[in-house]
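In my numbering, the protein residues as written are 61 to 311.
All C-beta atoms in this analysis are idealised placements derived from N, C-alpha and C, irrespective of residue type, glycine included.
In this text the structure is predicted, and so the values were computed from the model without any measurement.
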């Protein structure tokens, strides 16, 4: 198991249980206790959990994983999701794209395409795409978040002037019952503006987000036409999304 996969698994356990034990993690992940202790130290330095004697506990200061850490987690899955989502984009399309590390992989998959317009509120995605001759880039302004996204009323007012053929939205949680959720209420409202301006609305999320509910609702599941995720999600979870009327692509 790669380090990025271990870190993701440890964060999942902390999120579910509130506490983890070095010995139990070593057995579950098939590595030494020393390796687990180094992993916990890495996560502690990034303020994702609090180290304790023999393990770690949840960081009560907040659950949102910093973007610099998210980028190191589930990289292969996010890359595959990005490539699959890029196949949805037809020549001449106007593409809306919110931020997130999965969306960043999508932007890389689109970078060499021609004849498309990308409307995004993410600074890092704009940086990835600026200067590519085949792409017309529109950056939506607003209040800057640590996720590199620009959100708030200014962003929503600007989006109201555009018609999107397809919008790709990253989420922190997705269930049939609660729909799409994220950690920040202002970000949720801007994400919803992208969905509402699009003819086709696509959630791009790795399997760790499926079945999870976080603080702020972006949209009910009825506001989503498609979900692109990886095969780590359980068949039951994916079937539940399909029963709710969403087309699911698992890669």
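State the Cα-Cα distance for the pair residue 246 and residue 211, rounded to the nearest angstrom. Mapped onto the chain shown, residue 246 falls at position 186. Mapped onto the chain shown, residue 211 falls at position 151. In a straight line, the C-alpha of residue 246 is about 6 Å away from that of residue 211.
Since residue 157 is in the beta strand (DSSP E), which residue starts that stretch and which ends it? In the chain shown, residue 157 corresponds to position 97, counting from 1. Note, residue 157: beta strand (DSSP E), 154-157.
Under the rule that 16 or more other beta-carbon atoms within 10 Å means buried, what is residue 114, buried or exposed? For the purposes of this step, residue 114 is identified with residue 54 of the chain shown, where counting begins at 1. Exposed, because fewer than 16 other Cβ atoms sit within 10 Å of the Cβ of residue 114.
Leaving aside the five residues before and after residue 101 along the sequence, list all residues of the same chain whose C-beta is less than 8 Å from its C-beta, in chain order. The count along the chain shown starts at 1 and reaches residue 101 at position 41. Excluding sequence neighbours, residue 101 sits near 111.
From residue 198 to residue 219, what distance separates their C-alpha atoms? Against the chain shown, residue 198 aligns to sequence position 138. Against the chain shown, residue 219 aligns to sequence position 159. Each residue's Cα considered, the two are about 10 Å apart.
Less than 6 Å between C-beta atoms, sequence neighbours within five positions excluded: which residues of the same chain meet that for residue 288? Your numbering for residue 288 matches position 228 in the chain shown. Contacts found: 141, 144, 145, 264 and 309.
Pairs of beta-carbons, one from the region 274-281 and one from the region 168-181, closer than 8 Å: are there three or more? no
CA-to-CA distance, residue 92 to residue 286, given in whole angstroms: Mapped onto the chain shown, residue 286 falls at position 226. Mapped onto the chain shown, residue 92 falls at position 32. If I take the Cα positions, the gap works out to 41 Å.
Run through the region 187-259 for me and flag every whole alpha helix (DSSP H) of 4 or more residues, listed as ranges in chain order. 213-219 and 245-256
Residues that DSSP places opposite residue 115 in a beta bridge: Residue mapping note: residue 115 aligns to position 55 of the chain shown, counting from 1. Looking at the DSSP assignment, residue 115 forms a beta bridge with 81 and 112.
Between the CA atoms of residue 159 and residue 184 - distance to the nearest angstrom: Along the chain shown, one-based indexing puts residue 184 at 124. Along the chain shown, one-based indexing puts residue 159 at 99. If you take the alpha carbons of residue 184 and residue 159, they lie about 8 Å apart.
Give the DSSP-derived three-state secondary structure of residue 288 in the structure shown. Here the question's residue 288 lines up with position 228 in the chain shown. Residue 288: strand per DSSP, three-state reduction.
Do residue 207 and residue 135 have their C-beta atoms within less than 8 Å of each other? As a working note, residue 207 is residue 147 in the chain shown. As a working note, residue 135 is residue 75 in the chain shown. It is not a contact, given that the beta carbons lie outside the stated cut-off.
Cross-strand partners of residue 264 (DSSP beta bridge): As a first step, residue 264 must be located in the chain shown, where it is residue number 204. Its beta-bridge partners are 230 and 288.
Residue 121 burial status per 10 Å Cβ neighbour count (16 or more: buried): Here residue 121 is taken as the residue at index 61 of the chain shown, counted from 1. Bear in mind that a pLDDT of 46 at residue 121, under 50, signals an unreliable position, so the model cannot answer this.
Residue 296 versus residue 271: straight-line alpha-carbon distance, rounded: What you label residue 296 is simply residue 236 of the chain shown in a count that begins at 1. What you label residue 271 is simply residue 211 of the chain shown in a count that begins at 1. Their backbone Cα atoms lie some 10 Å apart in a straight line.
Using CA atoms only, rank isn't needed, just tell me which of 306, 222 and 95 is closest to residue 239. As a position in the chain shown, residue 239 is number 179, starting the count at 1. Here the closest residue by C-alpha is 306.
Spatial neighbours of residue 69 in its chain, beta-carbon cut-off 7 Å, leaving aside the 5 residues before and after: For the purposes of this step, residue 69 is taken as residue 9 along the chain shown, with counting starting at 1. Cβ within range, chain order: 89.
Beta-carbon proximity check, residue 200 vs residue 177, cutoff 8 Å: Walking along the chain shown from the start, residue 200 turns up at place 140. Walking along the chain shown from the start, residue 177 turns up at place 117. Contact: no.
Under a three-way DSSP split, which group does residue 310 fall into? In the chain shown, counting from the first residue as 1, residue 310 sits at position 250. In this structure, residue 310 counts as strand in the three-state DSSP scheme.
Label residue 204 either buried or exposed according to how many other C-beta atoms from any shown protein chain fall within 10 Å of its C-beta, with 16 as the threshold for buried. Translated into the one-based positions of the chain shown, residue 204 becomes position 144. By the 10 Å Cβ count, residue 204 comes out exposed.
Taking the beta strand (DSSP E) that residue 276 falls in, what are its first and last residues? Translated into positions along the chain shown, residue 276 becomes position 216. Taken as a continuous stretch (DSSP letters only), the beta strand (DSSP E) holding residue 276 covers 276-279.
For residue 179, which of helix, strand or coil comes out of DSSP? By 1-based counting over the chain shown, the position of residue 179 is 119. Of the three classes helix, strand and coil, the one that applies to residue 179 here is strand, per DSSP.
Same chain, Cβ closer than 7 Å to residue 83, neighbours up to 5 away in sequence not counted: Here residue 83 refers to the residue found at position 23 when the chain shown is read from its first residue. Hits under 7 Å: 93.
Contact defined as beta carbons within less than 8 Å: I believe residue 166 pairs with residue 228. What is the distance between those atoms, to the nearest angstrom? Taking the first residue of the chain shown as position 1, residue 166 is located at position 106. Taking the first residue of the chain shown as position 1, residue 228 is located at position 168. Rounded, the Cβ-Cβ distance is 6 Å, consistent with contact.
To the nearest angstrom, how far is it from the Cα of residue 168 to the Cα of residue 280? In the chain shown, counting from the first residue as 1, residue 168 sits at position 108. In the chain shown, counting from the first residue as 1, residue 280 sits at position 220. Cα to Cα, residue 168 sits roughly 29 Å from residue 280.
Using DSSP's beta-bridge definition, name the partner residues of residue 70. Here residue 70 is taken as the residue at index 10 of the chain shown, counted from 1. Partner(s): none; residue 70 has no beta bridge.
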